[in-house]
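Asks: Structure provided below as structure tokens; questions to follow.
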Amino acid sequence: MTRQQPAVFRDFVLTAFPRFFGLNKYRVHVPWAVYVADVLGTTPALDAAIFCITSVFMGRSNHDVALQKSSREMYSKALISLGGMIKHDKIMRSRESVSTSILLSLFEAYSQTREDSWAQHAAGAALLMSMRGAKSHLTGFDRCLYLSFRSFLTAAAFIEGKPCFFEKQEWQSLINEIRKQDMADPRANATISAIIDVTDRLFMEVVKIPGLMYRVNRHLYASPPASPSESEQLISRLYQCKEKIHGLACELRLVASVQGHRNTRGKLSLIGPIPSTLPQTFSNGVLRGTKNCFKILDLLLHNLMVSRHDNYYSPYAISDTPAGSGSLSPSSSPLSALEPMPTGSFFDVPRIIPFHIVSRFRDFNDGVSFPLSEGIQMSPVDKWLDQVASSMGMEAFEVVVDDGIDDRCSSLDVDPQFEHASPLPMREKSVF
């Protein structure tokens, strides 16, 4: 079984991440399958993590209960071994520790064990990666660690309600540097190069949203209320982020539409396991994910504006504002006079709208089937993993308004052609 691990692990990667593999096969310097073959047998924690992934994959594929049970036993061993590794500072910062935590997160997602358990492991991987620093992930397999798991790390930040470390300047610089390098790779054709360009710039904006959520939350419930200038700064940042994402989404739609016209009557031609329609289906997943971006940003803007209006008449605002200093009267600053918001029905409600992020496994049906070896079809969890990896993490969750108000919350909804998802069991965590 040990000798078979690299081959089985490669099958797992190709089965679970066909879109991601297709777009990023030239971006990684050392792919997962090569790394696993090189290091297998050198680190007990990583060995156990590899075994638990391959066992659950084979167990699910072949309906083998014994293998699935074995995968859980290996998972427990991997957890214990990883716990010993992170007690030592140098070992904790090693690529073996990061790769082990990533595989354990993927195991949790693949097994659907507990509520948000995959996100908890992803948060651990995020901590380890951030401690290593951005420059450590520029080359070799470390570059693969960043590229292959960045979407899950971003999704975990949304679900946890905490800032994503990718928003920090050193990581923004890394994202941009790798984007430029991969765009110029002669192995990437014009379409792939354009998608890399747009999606990486889009990713640089998306990773700022968890931090904005966190800061708006603190601002809304600050006691005493935060200063009006802080509110204005947050509103400005939200508008800037929304404008950039909207512009980049339009760019991506254009790239996808051009590629779509190149396809022959929508028929699929295969190059290995990857359909030639990969760029379009990859782009569609990203565009579906941007709907969550717009929904979150619109809700944050609405809540900030309501809070700002209310604070103009709070005891704090009255006592802290000297007479004659330009303070606004009720007649000069009604809620209706605030910056225009989308026309969704619940934005007419002059109160803060609570919402939370739901981690949701979904069975995607986007009209594209990925034929796998020996006639195997992707399972719902395989599709979910691939879609999360290929959507900047934005399809790992849904945004749920807490009080049942009409769900039409964004004037920038994704086109109907991108709407294909049916719900599977929900895992949720309150943010506001």
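Following the numbering used here, the numbering of the sequence shown begins with 1 at its first residue and continues without gaps. Heads up, the beta-carbon is just placed ideally off N, CA and C, and yes, glycines get one too.
1) Any chance you could list the alpha helix (DSSP H) runs of at least 4 consecutive residues sitting entirely within the segment 7-84, in chain order?
2) Taking the alpha-carbon positions, what's the I178 to F361 distance?
3) Look at the alpha carbon of R408 and the alpha carbon of C293, and state the distance between them as a whole number of angstroms.
4) Between the C-alpha atoms of A48 and L82, what's the straight-line distance to the nearest angstrom?
5) For A33, which residues in the same chain have their Cβ closer than 7 Å to its Cβ, ignoring the five residues on either side in sequence?
6) Decide if T42 is buried, meaning its Cβ has at least 16 other Cβ atoms within 10 Å, or exposed.
7) What first and last residue would you give for the alpha helix (DSSP H) that runs through F165?
8) Going along the chain, which unbroken runs of the beta strand (DSSP E) with 3 or more residues stay wholly within the segment 98-142?
9) Does the count of Cβ pairs from the segment 216-223 and the segment 180-200 closer than 8 Å reach three?
10) Three-state secondary structure (DSSP) at I86?
11) Do you know whose CA, among L127, P279, R132, R237, lies nearest I195's CA?
12) With three or more C-beta pairs closer than 8 Å as the rule, is the segment 193-209 touching the segment 289-305?
13) I need the boundaries of the alpha helix (DSSP H) containing E205, first residue and last residue.
14) Buried or exposed, going by whether 16 or more other CB atoms sit within 10 Å of the CB of H63?
15) Taking contact to mean 3 or more Cβ pairs, one atom from each stretch, closer than 8 Å, check whether the segment 103-119 and the segment 128-137 are in contact.
16) Checking 8 Å against the spacing of the C-beta atoms, do S70 and M392 come in under that value?
17) In chain order, what residues of the same chain lie with their CB nearer than 6 Å to the CB of A45, ignoring the 5 residues before and after it?
18) Taking the alpha-carbon of I353 as reference, which of A157, V401, A155, F141 has the nearest alpha-carbon?
19) Could you tell me how far apart the beta carbons of G386 and F107 are, in whole angstroms, since I believe they sit closer than 8 Å?
20) Where does E243 land, buried or exposed, given buried means 16+ other C-beta within 10 angstroms?
21) Consult DSSP for Q151 and reduce its assignment to one of helix, strand or coil.
22) In its own chain, which residues sit with a C-beta less than 7 Å from the C-beta of S379, not counting the 5 before and 5 after it?
23) So, helix, strand or coil for S231, using DSSP?
24) Taking 6 Å as the limit between beta carbons, can you name the residues of its chain near Y239, skipping five residues before and five after?
25) Across the segment 155-163 and the segment 243-254, are there enough close Cβ pairs to call them in contact, namely three or more that are closer than 8 Å?
26) Taking the C-alpha atoms as reference points, what is the distance between R3 and V399?
Replies: Considering the structure as presented:
1) The segment 7-84 contains these whole alpha helix (DSSP H) runs: 18-24, 32-39, 44-62.
2) Computed Cα separation, rounded: 30 Å.
3) Confidence at R408 is low in this model, with a pLDDT of 47, below 50, so its placement is unreliable and no value can be given for it.
4) Rounded to the nearest whole angstrom, the C-alpha separation of A48 and L82 is 10 Å.
5) Once the five neighbours on either side are set aside, the close Cβ partners of A33 are P6, F9, R10, V13.
6) With fewer than 16 other Cβ atoms within 10 Å, it is exposed.
7) That residue, F165, is in no alpha helix (DSSP H); it is neither H nor E in DSSP.
8) As far as the segment 98-142 is concerned, it has no whole beta strand (DSSP E) run of at least 3 residues.
9) No contact exists between the segment 216-223 and the segment 180-200.
10) DSSP places I86 in coil when its eight states are reduced to three.
11) Comparing Cα-Cα distances from I195 to each of L127, P279, R132, R237, the minimum goes to P279.
12) Yes, since at least three Cβ pairs between the segment 289-305 and the segment 193-209 fall closer than 8 Å, the two stretches touch.
13) Start and end: 190-206.
14) With fewer than 16 Cβ atoms within 10 Å of its Cβ, H63 is classed as exposed.
15) In this structure the segment 103-119 does not lie against the segment 128-137, because fewer than three pairs of beta carbons, one per stretch, are closer than 8 Å.
16) Cβ distance not < 8 Å, so S70 and M392 don't count as in contact.
17) Within the same chain, A45 has close Cβ partners A78, S81, L82, M85, T100.
18) For I353, the nearest C-alpha among the options comes from V401.
19) The question names Gly, yet the displayed sequence has Asp at residue 386. Not quite, the Cβ-Cβ distance comes to about 16 Å (not below 8 Å), so this is no contact.
20) By the neighbour-count criterion, in which 16 or more other beta carbons inside 10 Å mark a residue as buried, E243 falls on the exposed side.
21) Position check: residue 151 holds Ser in this sequence, whereas Gln was assumed. In this structure, S151 counts as helix in the three-state DSSP scheme.
22) A distance below 7 Å between beta-carbons, with the five flanking residues on each side excluded, links S379 to the following residues of its chain, in chain order: R60.
23) It is helical.
24) No residues qualify anywhere along the chain.
25) Contact fails: fewer than three Cβ-Cβ distances are below 8 Å.
26) C-alpha separation (whole angstroms): 44 Å.
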